[in-house]
Every structure is written in structure tokens, then in C-alpha cells.
RNA sequence: GUGAGCGUAGCUCAGUUGGUUAGAGCACCAGGUUGUGGCCCUGGGGGUCGUGGGUUCAAUCCCCAUCGCUCACC
């Protein structure tokens, strides 16, 4: 198992501050993992990622790396850490989400999923065994099982069958994991993924099915796919009760800053989301006073930093007017500076959350901050 | 100078054998984006149809004049 060492628990909610160890270093929770699908956090180099943004762990993607550059190259490189020059922990998503997001390009079968590559149309078949093999080639510190992320809305029967499929696959994932070894001499963990759409009894069943298989830890999948926010929070709150207290709980693909704080309050420790990086590339920036759309004409002569309360490289050195100019001129520096800022904000958000949990005033702080950061400027 | 062609949104252009409120792409303005293609999606503001006159119930469209641009020839 992947042990979560708990430093502190909040008295007024389920938030906890902790840490876990991997062979590539320690991770302090709650934590946000920047998304680097193709072995790069888009627009941000690894030294900024580590030293400026203070990312402790990044996420990458089995499906994308399998298609390009492919496992042969990854193995020849000595694994993804060496290949991408990132010596801190890496978590890889299994490709299960692509079953959902590339739905026009796939066929779901009982023993796996057939994909058509979005790059060249070629056919590929993913099974639980195969995604474990690929993640061995990648060498990620935390591997994820192949699952099905059910669409939303999703009727009960579909969701029930989907949970059964995910549970069946989970067993095969676990067996493949136990029958294989790390290729590069460091320990790799495997997380199970709890599905069940919006149905509490299915979430409970999914959790119980997976717990029997004794994964290193567990994630909640299939949320933030279109359901109302309150329903998502309720399901997170419900599901974390079934997840072991002494292991890190991972809420996949979430989310907006307020989603992260609300989910920490409901017992989640790990998050990833494309939002800080994708929105940065689209000129949408997060600040302690709410979001701002950097292309807006009102910033053309605004020589303040993006966020006066932010200490990131971008805010220390550049103005809103300059960022807007870079975006309008379609200069690539815009993407870099905006991505650095948004990721710094997300990492600072979870760092402060951790500090407030340790200090014992997380719940009050969270409620205050959620209001301020939710404003649209 | 002569002849021909073209002037429609900021740009590139459709269009109407004369008929409701003149369109598109790009640009601009504003939203969206939750286990990532810098993609994509949604909405909006913009036009004296070069200018002036004529014909007609009705003209961006037909006629005349005029201004501008382009090409060919001298």
C-alpha cells in the first residue's frame, strides 16, 4: 500500500494534511498535480516546474505516450523520468478517460477497448494487462488501472454495467501488476478507480469491489463530467467515507480552484486538472480575486501585475498590458507566462490549504477564499 | 490620352435575371472549457453596397455623370 502519513486533521471537516513517499521523493498533501499528457507540462520547462511553481508530482498519460513516442523509445530512454528530465514523482493515467473523451474513435468490449488513433487512424486494443505493461515501460511512480469513465447523463443500468466492467478489469489490472516488475529499479504503485456515476449505491459497490483487491490506494473517477457542482460535492463526500483513511485519496480531473478546496474539505488529498494550463493558453487566468480573461480590451493599458497578491515569476516581472499584447499578437511567451502563473496559483492554493489544516482554521479559511476566487472579473 | 475591368463590414470576397431586415471567412468584442492537440464551442458589435443624379411602386443591382484603383494599348 501507499501509506499516507497524516500530520493533521481538521476538526470541522474531513480535510487532512499528510505526506507520502515514493522512490522519486516525498509528496505533501493535499497536492495538485500539473498535467503533462505527452511527457511535458505544456509551455512550461521542467526547471520552472520544479523551482518556480514547486510542483511535487506531475501527471502524464499512457494512451498518448503509447501512441507517441511509443514504449520502445521510452524504454530505450530509461523511462519517462529520464526521457523528460523530471526526477520527482510521476503519476500516469491509464487511458481510461480517453475511452470517454475519444468516444467516436473507440469500441468498448468486455476484455478491453479498441481505439482508433487520433493521430493516424490506426487501430489499437487496450486491455488491463496492456496498460500495466505500458506503464511499466513509462516507469511512473503511480500507475492507474484501466477503467471506464461513464458519460453524463448516464442511466442507472448503463452505470451499473459500467461499474461491473471496471471491477472486472480492476481484477485483471491487479493480476497483471503482481505478475510484472518495474523495469528501472524503483517502486511503482497501482491505484484503483471508483466509478458509479451519480448513483450512491453503485459508488459504494465500486468502492467495495476495489477494496477487496487491495490496491496501493484509490481514486474517484467519473465526476466533473457535467453533473451539478453540489451533486459532485455530495458524491465526493459520500465516496471518501469508503476509502482507507491511511492512504492518499485522488479525485481525478478536478477541477476549478473552488472545487479543489471543497473536495479537500470532503477528504480528498490529490488532484489533477487541465484547467490551469489549458485556460492559461486561452488567456484565462486565476487570481486570489477571481478569474480574468487576459484578452479583454480593458487590460490594454493596465500596467499592474496579473495578481497583486501573487509572487510568481510572471507577476514579479510582467504587466497585464504586456500579457494581453502577447496574447493578441499570438506570441508563444504568452502561453509560457500564463501557464507559469496559473500553475503557481494552483500549487500555492493547496500549499495554503495544507498550512491552514495544520494551523487548525482550514474550514473558515476555505469558506472565505471560495467566495473571493469564484468572482469573474 | 484611349480602351476595358473593378469599387459591398477593419481585411478578402459572395450576392441580387430589380422585391421582406444585404451575407460568409478572417479580424474585433464578450462568454465557455474539469484523468489536454496552442484545438474547439457559443454569442455580439460593425455596411449611406465609392459619390451625385435619373428610370421605377421598388435600385447594391438598370442608365448618366463623377471620383478612386488596376490592367492593356498609345
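In our numbering, the protein residues as written are 15 to 391.
Glycine included, every Cβ here is placed at the ideal spot set by N, Cα and C.
These figures come from a predicted structure and were not determined experimentally.
* Asked: Which value, in whole angstroms, describes the spacing of the CA atoms of residue 270 and residue 45?
  -> Approximately 14 Å, taken between the alpha carbons.
* Asked: Excluding sequence positions up to five away, which residues of its chain have a Cβ less than 6 Å from the Cβ of residue 133?
  -> Same-chain partners within the cutoff: 81.
* **Sequence-distant residues of its chain with Cβ nearer than 7 Å to residue 220 (five each side left out)** => Within the same chain, and ignoring the five residues on either side of residue 220 in sequence, the residues whose Cβ sits closer than 7 Å to its Cβ are 177, 180, 181, 208, 209 and 210.
* To do: Have a look at residue 351 and residue 309 and give me their C-alpha separation to the nearest angstrom.
  => Residue 351 and residue 309 have their alpha carbons spaced roughly 14 Å apart.
* Asked: With a Cβ-Cβ cutoff of 9 Å, do residue 41 and residue 291 count as a contact?
  -> For residue 41 and residue 291, no; Cβs fall outside 9 Å.
* **Residue interval of the beta strand (DSSP E) (run including residue 129)** => Note, residue 129: beta strand (DSSP E), 126 to 130.
* Neighbour-count burial assignment, residue 273, 16 or more Cβ in a 10 Å radius -> Buried, because 16 or more other Cβ atoms sit within 10 Å of the Cβ of residue 273.
* Which ranges does the alpha helix (DSSP H) cover as unbroken runs of at least 4 residues, wholly within the stretch 64 to 129, from first to last along the chain? -> The DSSP assignment places complete alpha helix (DSSP H) segments of no fewer than 4 residues inside the stretch 64 to 129 at 76 to 81, 85 to 91, 94 to 98 and 110 to 115, in order along the chain.
* Asked: In terms of residue numbering, what span does the beta strand (DSSP E) encompassing residue 30 cover?
  -> That run of the beta strand (DSSP E) goes 30 to 36.
* Asked: Which residue's Cα is closest to the Cα of residue 68: 21, 359, 252 and 369?
  -> Of the listed residues, the one whose Cα sits closest to residue 68 is 359.
* Asked: Do residue 98 and residue 39 have their CB atoms nearer than 9 Å?
  -> Taking 9 Å as the Cβ cut-off, residue 98 and residue 39 do not qualify as a contacting pair.
* Are the beta-carbon atoms belonging to residue 13 and residue 142 less than 9 Å from one another? -> Past the edges of the chain, shown from 15 to 391, lies residue 13, and the structure says nothing about it.
* the stretch 325 to 345 touching the stretch 296 to 308, judged by at least three CB pairs closer than 8 Å -> Judged by Cβ distances under 8 Å, the stretch 325 to 345 makes contact with the stretch 296 to 308, as three or more pairs qualify.
* To do: Spell out the partners DSSP gives residue 199 in its beta bridges.
  => According to DSSP, which records beta bridges pairwise, residue 199 is partnered with nothing at all.
* Asked: First and last residue of the beta strand (DSSP E) that includes residue 306?
  -> In the DSSP annotation of this structure, the continuous segment of the beta strand (DSSP E) that includes residue 306 starts and ends at 304 to 307.
* **Integer-rounded CB distance, given that residue 367 should sit under 8 Å from residue 278** => Cβ atoms of residue 278 and residue 367 come within 8 Å of each other, at about 5 Å.
* Asked: What residues are listed by DSSP as bridge partners for residue 187?
  -> Paired residue(s): none; residue 187 is not in a bridge.
* From residue 106 to residue 287, what does the alpha carbon distance come to, in whole angstroms? -> Roughly 13 Å between the two C-alpha positions.
* **contact_flag[the stretch 151 to 168, the stretch 227 to 239] where n(CB pairs < 8 Å) is 3 or more** => Yes, the stretch 151 to 168 touches the stretch 227 to 239.
* Asked: When burial is assigned at 16 or more other CB atoms within 10 Å of the CB, is residue 378 buried or exposed?
  -> Burial call: exposed.
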